[in-house]
Every structure is written in C-alpha cells, then in structure tokens.
Amino acid sequence: MPIPQIHINLRTNKELRFALLFLFTFCVLQYAYSSSRDGLVGHFVIDVATIYPSTALVNFLAPGEQAIASAQRILSPQGSISVLNGCEGTETLFLLIAAIIAFRAPWKNKLKGILLGTILVYCLNQARIVTLFFAAQENRKWFDMIHGYIAPSLIIVLSSLYFLWWAHKVKDDESTNAN
Amino acid sequence: MNQRTLINSAGLFIIAYLVLLTLSLYFGSEYARLLLPLYRWELGHLAQGYQIQSLMLGDNRGEGVVSLSLLTKYFVLDKQVIPPGISISCSTLIGHAFQHPLLIFSLVIAWPASTLAQRIAQLCCAIPFLILVELLDIPLILLGSVQDILMANFSTANDSFMIGWMNFLNGGGRPALSLFAAMMAIVCSRLLGPMYHQHSI
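The listed protein sequences derive, respectively, from chains A and B. Going by the working numbering, 178 is the number at position 172 of the first sequence; the sequence numbering is gapless. Going by the working numbering, 249 is the number at position 191 of the second sequence; the sequence numbering is gapless.
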C-alpha cells in the first residue's frame, strides 16, 4: 500500500525537521544569550526587566513588605530571595521562540506568536518569582516544592499549551485563506 | 489538527502533567534512587581521573539533592597537574532528574495518535530516550561542577566541555533536551509504525 506509506514518511519528515530545527534554534539563542549575559544584556534582563518589576509587584500585593531590589536580590525585613541566572525566564522564552521558528508558518504569524509568547512567559515568570518570595517567608517546604518541582515544569507546560493554541490558529487561518 | 483533536491533546497534556507531577512529589526520591546505579555506572566510566567515594541522595537546606563526593587521582587538567587526594563534594537538585519524565511522558501521551497501538508505541519509544537524557543530565552536571571547582582553584581557564554542558543544561537546555527526546520518540514510533501495523494485522 504505497499511499499510506508516503503519508507516514512525509509526516515523519515534518516532525523530524521540526525537532531538529527546534533544538538548533534553541542552542543558538541560548549560546547568544549566555555569551552576552555578563554585560549590559544580563543587567537589563535580570535587574531591570525581572527584579525591579518583581519587587514592585511584591510591594503592590503586600505594602507591609517594604521590599527593595538589591544586587540580584529582593530584600525585605521579613526575608529575601536571590534571582540568579536561569531565574529570569529566558530559558522558557527561548524554548517557545525555537518552537515557533521551527514550525512551518508565515513569518508574520511567527512574529506575532513570538511577541504574544514573550508577554506570556514574562508574566508567568514574574508570577513565579513573586510566588517564591512569599513562599520562602511563609513555609520553606512550599518554597522547595515550588522551586524544585512545580514551577520549572509548569511554566513550560503552560507555554507548550500556548504554542499548541498558536499553531492551531495558524493552520486554521491558512485553511480559511485557502478556501 | 481539528478543534476536537486540539482540545483532546491539550486536555490529555494537562491531565498527564498533573498526574505525573503528583507522582513526582510523592515518589521523586524513589525515582532518583532507581537511577543511582545508572549514574554510578556512567561516572565510573567518565570520571577516570577521580576516585568516587559516594554518590547518594541527600538534603541541602531542605531541598532533595543528588550528592557526589570524590577524591582526585593524579591527572592533568588544562595543562595543570592536579595533585591527588583532593576531596571534592558537589550536588544537584533531585528535581532535575524527574523534570525529564514529567515533560517527555506528558508530551508523548498528549501527542495525537490514530490508534491505541500507536500511542503505546510512542510511550515505549520514549523510554530509551528518557534513559539517554537522564544519562546526559545529572552525572554530567556533577562532573561539570567538579571541573568548575578544580578549574577555579588550579587553572587560569574557566571553561571546558563539561562546564559548558552544565551551563547549557542549567540555562534551559534541560527542558529543551526533554522536549527534543519526546519529539524523537514520536518520530521513532512513526518509523516503527508500519512494523506494528503489520503485526497487529
């Protein structure tokens, strides 16, 4: 039965192409970021874009905390957490960007997907840091559970669901335009 | 992919993730303990310049860790002779070990499959890839940490393949590897597809 065989091969090729392009793009993004992380880029991503907004969010949610941002840490009289390399959410963002780039779609749709995805990952990561800050003060066990077990995979799972939605929307738009 | 398949896949993905996450919260340490012999075997082959003293599960300020203690033997690192008998200890989070099954199986279970046989094939194909990524993670992270410590003390260079790999995994490479492994498992199950279709007929 040659026709089903060809169908399987084409589908497999597409999946293999996606997997390889995904990994390659992620490695390029990761390498580029790690090469420039020690300079201004790192300062902007970790201090300006991550720690200051998280501190503001902590103070907004609990004004009594009187939290301040200081040298990659969120400090308050009740406690503190360090926001280290890897806590800034770029890893999930790069995974999402790599998946979107690897997916066959018009570039306009890819750019829209990346823009919306960046906002989503950024908000999720801010929520993660603020949750960890409060968890560290309330209950060390909760902090360990969220830090080591739940948060790392939850952000990726939510980003994967966003990717699934985006890819479906792109295909839907394509078929609508074709009709 | 139609709307129904999308909702089914997303639903399965969430359910699989929640079930696996709950299992990992209760049995995460047992899972890591199962992998310890595999780690020991790998480290025995890779850490030729060291004498491994212990590899065990431990606790670092309340967080579960896999910890490695070893002694250096006489060897050369980046043109520097490392004296024998230096004791080094390092550790990495247990959570890293089961991020792999969490992501790989969630994705593989949720990936659309036309038949139950295809879904089972996807799951079976995921197992060797899971073992492979586990071997590429914790033992190499631990060896990378050891090299990082040694280089900080005995070498002017601050980079090596192991340290680069450790930084790659800690900087997002870990989930990337899991997702890639899941996709490769799906590709392999598709390649094996005609075989199990023939057997099922």
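By construction, the Cβ of each residue, glycine as well, lies at the ideal position given by its N, Cα and C atoms.
So residue i is in the beta strand (DSSP E); what residue range does that whole segment cover?
i       : result
A:Leu50 : Per the sequence presented here, residue 50 of chain A reads as Phe, with Leu not at that position. Per DSSP, A:Phe50 belongs to no beta strand (DSSP E) and is neither H nor E.
A:Ile74 : Ile74 to Ser76
Just to confirm, is the Cβ distance from residue i to residue j under 9 Å?
i        : j        : result
B:Leu104 : B:Leu237 : no
B:Leu262 : A:Ser159 : There is no way to answer for residue 262 of chain B, as the model of chain B reaches only from 59 to 259.
B:Ile70  : B:Ile140 : Contrary to the premise, residue 70 of chain B reads as Leu rather than Ile in this sequence. Going by C-beta atoms, B:Leu70 is not nearer than 9 Å to B:Ile140.
B:Gly122 : A:Gly154 : yes
A:Ile156 : A:Thr124 : no
A:Ser88  : A:Gln78  : yes
B:Ala155 : B:Tyr75  : no
B:Ala184 : B:Ser67  : no
B:Ile244 : B:Gln180 : yes
B:Gly230 : A:Thr96  : yes
A:Pro112 : A:Val47  : no
B:Phe212 : B:Leu94  : no
A:Leu193 : A:Tyr168 : There is no way to answer for residue 193 of chain A, as the model of chain A reaches only from 7 to 185.
A:Leu63  : A:Gln143 : no
B:Gln61  : A:His174 : yes
B:Thr130 : B:Ile152 : no
B:Arg232 : B:Gln138 : no
A:Leu164 : A:Leu138 : no
B:Phe163 : B:Leu78  : yes
A:Ala75  : A:Phe28  : no
A:Leu170 : B:Leu64  : yes
A:Phe50  : A:Arg110 : no
How far does the alpha helix (DSSP H) with residue i in it extend, from its first residue to its last?
i        : result
B:Gln180 : Leu174 to Leu194
B:Ile167 : Ile152 to Ala168
A:Asn65  : Tyr58 to Leu67
Check the Cβ of residue i against every Cβ in chain A and list those closer than 8 Å, keeping chain order.
i        : result
B:Tyr185 : Position check: residue 185 of chain B holds Ile in this sequence, whereas Tyr was assumed. What B:Ile185 touches in chain A: nothing, since even the nearest Cβ is about 18 Å away.
B:Val245 : Thr18, Glu21, Leu22 and Ala25
B:Ser82  : Tyr155
B:Leu188 : Near B:Leu188 there are no residues of chain A at all, since even the closest Cβ is about 15 Å away, more than 8 Å.
B:Leu181 : Residues of chain A passing the Cβ test: none, with the nearest at roughly 16 Å.
Could you round the C-beta distance between residue i and residue j to whole angstroms and report it? I think they count as a contact, below 8 Å.
i        : j        : result
A:Phe31  : A:Ala108 : The question names Phe, yet the displayed sequence has Thr at residue 31 of chain A. The Cβ separation is near 6 Å, so the contact holds.
A:Ile80  : A:Thr98  : Not confirmed; about 20 Å, so no contact.
A:Thr18  : B:Leu194 : Rounded, the Cβ-Cβ distance is 24 Å, inconsistent with contact.
B:Val191 : B:Leu126 : Wrong, their Cβ atoms sit about 19 Å apart, outside the cutoff.
A:Trp172 : A:Gly92  : Contact flag wrong, Cβ pair sits at about 25 Å.
A:Gln36  : B:Phe226 : 6 Å
B:Ser203 : B:Cys148 : 4 Å
B:Gln109 : B:Leu128 : 6 Å
B:Leu113 : B:Leu101 : 7 Å
A:Ile162 : A:Leu101 : 7 Å
B:Ala240 : B:Leu165 : 4 Å
B:Val124 : B:Ile221 : That pair is no contact at about 18 Å.
A:Ile52  : A:Glu94  : 5 Å
B:Trp223 : B:Leu188 : So it is not a contact: roughly 19 Å between Cβ atoms.
A:Lys114 : B:Gly120 : Actually they do not touch by this definition, with Cβ atoms about 48 Å apart.
So which residues on chain A does residue i lean against when the C-beta distance must stay under 9 Å?
i        : result
B:Asn211 : Simply none; closest approach about 21 Å.
B:Gln157 : Tyr155, Pro158, Ser159 and Ile162
B:Phe85  : Per Cβ cutoff of 9 Å: no residues; B:Phe85 is ~12 Å from chain A at best.
B:Phe71  : Val163, Ser166, Leu167 and Leu170
B:Ser164 : Ser159, Val163 and Ser166
Which chain B residues are close to residue i, counting only those with a beta carbon under 7 Å from its beta carbon?
i        : result
A:Gln84  : What A:Gln84 touches in chain B: nothing, since even the nearest Cβ is about 18 Å away.
A:Arg146 : Gly120
A:Asp150 : Gly120 and Glu121
A:Gln36  : Phe226, Gly229, Gly230 and Gly231
A:Ser40  : Asn225 and Gly229
A:Gly92  : Asn228 and Gly229
For a contact meaning CB atoms closer than 8 Å, what does residue i contact in chain B?
i       : result
A:Pro5  : Outside the displayed range of chain A (7 to 185) lies residue 5 of chain A, so it cannot be described from this structure.
A:Gly48 : Within chain B, no residue comes near A:Gly48; the closest Cβ sits about 12 Å away, beyond 8 Å.
How would you list, in chain order, the residues of chain B whose beta-carbon sits under 9 Å from the beta-carbon of residue i?
i        : result
A:Phe28  : Ala234, Leu237, Phe238 and Met241
A:Leu101 : Gly230, Pro233, Ala234 and Leu237
A:Gly123 : Near A:Gly123 there are no residues of chain B at all, since even the closest Cβ is about 15 Å away, more than 9 Å.
A:Phe140 : Near A:Phe140 there are no residues of chain B at all, since even the closest Cβ is about 17 Å away, more than 9 Å.
A:Thr96  : Gly229 and Gly230
Whose Cβ in chain A lies nearer than 7 Å to the Cβ of residue i?
i        : result
B:Ala68  : Leu167 and Leu170
B:Leu160 : Ser159
B:Leu294 : Only positions 59 to 259 of chain B appear in this structure, which leaves residue 294 of chain B out of reach.
B:Leu198 : Simply none; closest approach about 16 Å.
Is residue i near the ligand FAD, with its Cβ less than 8 Å from a heavy atom?
i        : result
B:Ser127 : Absence of the ligand FAD is noted for the structure shown, with no ligands found whatsoever.
Counting only C-beta atoms, is residue i closer than 9 Å to chain E at any point?
i        : result
A:Glu180 : No chain E appears in the structure shown, which is made up of the protein chains A and B.
**Study point:** Secondary structure, beta strand (DSSP E): runs of 3+ residues fully inside the region 83-159 of chain A
**Key:** Entirely contained in the region 83-159 of chain A, the beta strand (DSSP E) runs reaching 3 residues are, in chain order, 85-88.
Check your understanding: Which residue spans inside the region 202-237 of chain B form an unbroken alpha helix (DSSP H) run of at least 4?
Key -> For the region 202-237 of chain B, whole alpha helix (DSSP H) runs of length 4 or above, ordered along the chain, are 219-226.
Check your understanding: Can you give, in chain order, each stretch of the beta strand (DSSP E) that sits fully within the region 92-147 of chain B and has at least 3 residues?
Key -> Complete beta strand (DSSP E) runs here, min 3: 108-118, 121-130, 133-135 and 138-140.
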